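Participant: Going from the sequence shown to this note's numbering is simple: count from 1 and add 441. If you scroll down you'll find the structure; I have some questions about it.
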Amino acid sequence: MKTATAPLPPLRSVKVLDQLRERIRYLHYSLRTEQAYVHWVRAFIRFHGVRHPATLGSSEV
């Protein structure tokens, strides 16, 4: 059984980490969850040479 969900609102920010924070807050995740996600996304970006995630391909993921 599929349930209909409302579409997510458009993101207001251009920066990746701000978009992540905005989406996490929209979904009402806890502050500690937000901090953990931001930490791991930062580490992922640094590991791949500070490239924008949109430029990363399937081999990096």
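Every residue gets a Cβ at the ideal spot worked out from N, C-alpha and C, and that includes glycine. Small disclaimer: the values here were computed from a predicted structure and weren't measured.
Indicate whether the contact test is met: 3 or more Cβ pairs, each with one atom in the stretch 462 to 475 and one in the stretch 485 to 495, closer than 8 Å.
Facilitator: no
Participant: Quick check: the Cα distance between Ala447 and Gly498, rounded to an integer number of angstroms?
Facilitator: Taking the straight line joining both Cα atoms gives about 29 Å.
Participant: What's the gap between the Cα of Leu452 and the Cα of Ser500?
Facilitator: 27 Å
Participant: Alpha carbons only, please: which of Arg492, Leu458, Thr496 and Glu463 is nearest the one belonging to Trp481?
Facilitator: When C-alpha distances from Trp481 are compared across Arg492, Leu458, Thr496 and Glu463, the shortest belongs to Leu458.
Participant: Leu472 lies in the alpha helix (DSSP H); which residues open and close that run?
Facilitator: Leu472 to Phe488
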